[in-house]
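Quick note, in this note's numbering, the sequence shown goes up one by one and the last residue is 330. We put the CB at the ideal spot given by N, CA and C, even for glycine.
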Amino acid sequence: LLTIPIAALFDVLSIPLLMTVSLLVGAQTVMFNAAYVSILPSLVDRAQLSDANGKLYSSQSLAQVAGPALAGSLVAWITAPVVILIDSISFLWSGLFIGRIRHDERADFERSVERHFWREVREGLHALFSSPVLRATTLSTATINLAGYMFLSVYVLYMTNELGLSATGVGFVYASGGVGALIGSVIASRLAKRFGVGRTLVWAAIAQGAFGVTVPLAIVVPEYALPLVVFAEFMQWLSLVVFFITVLSLRQSITPNRLQGRVAASNQVLTGGMAPVGSFLGGTIGSVFSVQASLIAGIAGMFLAGFWVLFSPAIHIREMPTEPDEALDG
1 LLTIPIAALF DVLSIPLLMT VSLLVGAQTV MFNAAYVSIL PSLVDRAQLS DANGKLYSSQ
61 SLAQVAGPAL AGSLVAWITA PVVILIDSIS FLWSGLFIGR IRHDERADFE RSVERHFWRE
121 VREGLHALFS SPVLRATTLS TATINLAGYM FLSVYVLYMT NELGLSATGV GFVYASGGVG
181 ALIGSVIASR LAKRFGVGRT LVWAAIAQGA FGVTVPLAIV VPEYALPLVV FAEFMQWLSL
241 VVFFITVLSL RQSITPNRLQ GRVAASNQVL TGGMAPVGSF LGGTIGSVFS VQASLIAGIA
301 GMFLAGFWVL FSPAIHIREM PTEPDEALDG
């Protein structure tokens, strides 16, 4: 990121440079995210994973709510290259904080002295699909991502062209989603304890699709379009974050520490890989049929995502496991 403000300073900033930086930052983000979710089970007891993930998501949601608004104001005040300079420094600052974590992970990997890339990839995939619980939650998450990006591919176009929302209105819609995500991160652990892990997963996935129905229906009552879409955005993000925190905590709970990174990386590739596929399908459906058709297809997919868990052993999980499934380490 530092190369962008430096290039701007010497007036050599170019599209190829921006594309290269985006590619490298994206690759590093994948590595960071895999490590980020893998280290937590070795820092806290498995019984505390849901609470810990909720706190991490809370800080992330706050950043997502405040970040865009702050960035927009700073860009207008001190220009984009300077804002990117500040952003790059914030990453360095974050790295310093992470470096202060004092934990020796080597004990978790004593059985893996010899490291083979493709063997570890196979181990991660095998763990995901050999466990009925992990298989169901992975397929459910992948379905949500696929359907969600079908929905998102035409979402802004629908709000601006079909509903006639202004840029301020669209911004308000996204802000309400951030607030919903924040509340979802706070209540996720409580819902799992109150209603059970499996049921929370199912209902959170189904609720995301059910509340999304409000979005295509908003065109029927255009005078109430903004409050209807704001309500849908708020409830969808609340439901989505409850689902993600619960599914992440469950995966971390039953995965042995030795396999955390491999399982997390495999899961990220399989579920995150649905984003471009969903965007392509959503755009294609919107072009061939209509924007509303893309929205409805996405909503249907979100609704159906919960059924992967409903018809699996995961539905019977009442409490977060406190011990890993050693069968995955076999």
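Val44, DSSP secondary structure in three states: As a first step, residue 44 must be located in the sequence shown, where it is residue number 44. Looking at Val44 - three-state DSSP - the assignment turns out to be coil, as it is neither helix nor strand.
Pair within 7 Å by beta-carbon distance, Asn145 and Thr271: The residue you call residue 145 lines up with position 145 of the sequence shown. The residue you call residue 271 lines up with position 271 of the sequence shown. The Cβ atoms of Asn145 and Thr271 sit closer than 7 Å to each other.
Rounded straight-line distance, which links the Cα of Ser176 to that of Leu228: Position 228 of the sequence shown, counted from the first residue, corresponds to residue 228. Position 176 of the sequence shown, counted from the first residue, corresponds to residue 176. Going by the C-alpha atoms only, they are around 11 Å apart.
Cα-Cα separation between Pro16 and Val241, rounded to whole angstroms: Residue 16 sits at position 16 when you count from the first residue of the sequence shown. Residue 241 sits at position 241 when you count from the first residue of the sequence shown. Near 35 Å, if we compare the C-alpha coordinates of Val241 and Pro16.
Alpha carbon of Ser253 to alpha carbon of Val82, nearest angstrom: By one-based count along the sequence shown, residue 253 stands at place 253. By one-based count along the sequence shown, residue 82 stands at place 82. Distance between the alpha carbons of Ser253 and Val82 is about 42 Å.
First and last residue of the uninterrupted alpha helix (DSSP H) at Gly283: As a first step, residue 283 must be located in the sequence shown, where it is residue number 283. Its alpha helix (DSSP H) spans residues Met274 to Val288.
Contact belief for Phe280 with Ser239 at Cβ below 8 Å, rounded distance in angstroms: The count along the sequence shown starts at 1 and reaches residue 280 at position 280. The count along the sequence shown starts at 1 and reaches residue 239 at position 239. Not a contact, Cβ separation roughly 25 Å.
Simplified DSSP state of Gly196, which is helix, strand or coil: Along the sequence shown, read from residue 1 onward, the residue named residue 196 stands at position 196. Gly196 falls in the coil class under three-state DSSP.
Given Gln268 as reference, the closest of Ala27, Ser22 and Met19 once Cα atoms are compared: Position 268 of the sequence shown, counting from 1, holds the residue named residue 268. Out of Ala27, Ser22 and Met19, Ala27 has the C-alpha closest to the C-alpha of Gln268.
Span separating the alpha-carbon of Gly169 from that of His126: One-based indexing of the sequence shown puts residue 169 at position 169. One-based indexing of the sequence shown puts residue 126 at position 126. Each residue's Cα considered, the two are about 46 Å apart.
Segment contact, 8 Å Cβ cut-off, at least three pairs: the region 283-301 with the region 124-141: no
Neighbourhood of Leu157 by C-beta, 8 Å cutoff - its chain only, sequence neighbours within 5 removed: Within the sequence shown, numbered from 1, the residue matching residue 157 stands at position 157. Cβ within range, chain order: Gly286 and Val291.
Rounded straight-line distance, which links the Cα of Arg135 to that of Glu319: On the sequence shown, position 319 is the one that residue 319 refers to. On the sequence shown, position 135 is the one that residue 135 refers to. The alpha-carbon atoms of Glu319 and Arg135 are separated by roughly 19 Å.
Under 7 Å between C-beta atoms of Leu1 and Ile89: In the sequence shown, the residue the question calls residue 1 occupies position 1. In the sequence shown, the residue the question calls residue 89 occupies position 89. Their beta carbons are not under 7 Å apart, which means Leu1 does not touch Ile89 by this criterion.
Alpha carbon of Leu13 to alpha carbon of Thr3, nearest angstrom: What you label residue 13 is simply residue 13 of the sequence shown in a count that begins at 1. What you label residue 3 is simply residue 3 of the sequence shown in a count that begins at 1. Near 9 Å, if we compare the C-alpha coordinates of Thr3 and Leu13.
Given 8 Å, three or more beta-carbon pairs between the region 306-323 and the region 196-208: yes
Boundaries (first-last residue) of the alpha helix (DSSP H) holding Phe243: For the purposes of this step, residue 243 is taken as the residue at position 243 of the sequence shown. Run containing Phe243: Ala225 to Ile254, per the alpha helix (DSSP H) assignment.
Among Val75, Arg122, Gly95 and Gly178, nearest to Ala35 - alpha-carbon criterion: Taking the first residue of the sequence shown as 1, we reach residue 35 at position 35. Considering only alpha carbons, the answer is Gly95.
The alpha helix (DSSP H) enclosing Tyr149, as first and last residue numbers: By 1-based counting over the sequence shown, the position of residue 149 is 149. Counting along the chain, the alpha helix (DSSP H) containing Tyr149 begins and ends at Pro132 to Leu157.
Close beta carbons around Gly141, own chain, < 7 Å, minus the five adjacent residues each side: As a first step, residue 141 must be located in the sequence shown, where it is residue number 141. In the sequence under discussion, the amino acid at residue 141 is Thr, which differs from the Gly named in the question. Cβ contact annotation for Thr141 (same chain, cutoff 7 Å, sequence separation greater than five): Val247 and Thr271, in chain order.
Distance between Phe10 and Ala54 (C-alpha atoms, nearest Å): One-based indexing of the sequence shown puts residue 54 at position 54. One-based indexing of the sequence shown puts residue 10 at position 10. It should be pointed out that residue 54 corresponds to Gly in this sequence rather than to Ala. Taking the straight line joining both Cα atoms gives about 43 Å.
Cβ-based neighbour list, Val44, same chain, cut-off 7 Å, excluding 5 preceding and 5 following: For the purposes of this step, residue 44 is taken as residue 44 along the sequence shown, with counting starting at 1. Same-chain partners within the cutoff: Ala52.
Endpoints, alpha helix (DSSP H) assigned at Met302: Here residue 302 is taken as the residue at index 302 of the sequence shown, counted from 1. Val291 to Leu310 is the span of the alpha helix (DSSP H), which, as asked, contains Met302.
First and last residue of the uninterrupted alpha helix (DSSP H) at Thr20: Position 20 of the sequence shown, counted from the start, is the residue given in the question as residue 20. That run of the alpha helix (DSSP H) goes Ile15 to Ile39.
Closest by C-alpha distance to Leu226, when choosing among Glu162, Ala264, Ala305 and Pro256: What you label residue 226 is simply residue 226 of the sequence shown in a count that begins at 1. The option with the nearest alpha carbon to Leu226 is Glu162.
Cβ-Cβ separation, Leu182 to Ser58 (assumed contact under 8 Å), whole Å: Translated into positions along the sequence shown, residue 58 becomes position 58. Translated into positions along the sequence shown, residue 182 becomes position 182. Correct: roughly 6 Å between the Cβ atoms.
Phe151 beta carbon less than 7 Å from that of Leu295: In the sequence shown, the residue the question calls residue 295 occupies position 295. In the sequence shown, the residue the question calls residue 151 occupies position 151. Yes, the Cβ-Cβ distance between Leu295 and Phe151 is below 7 Å.
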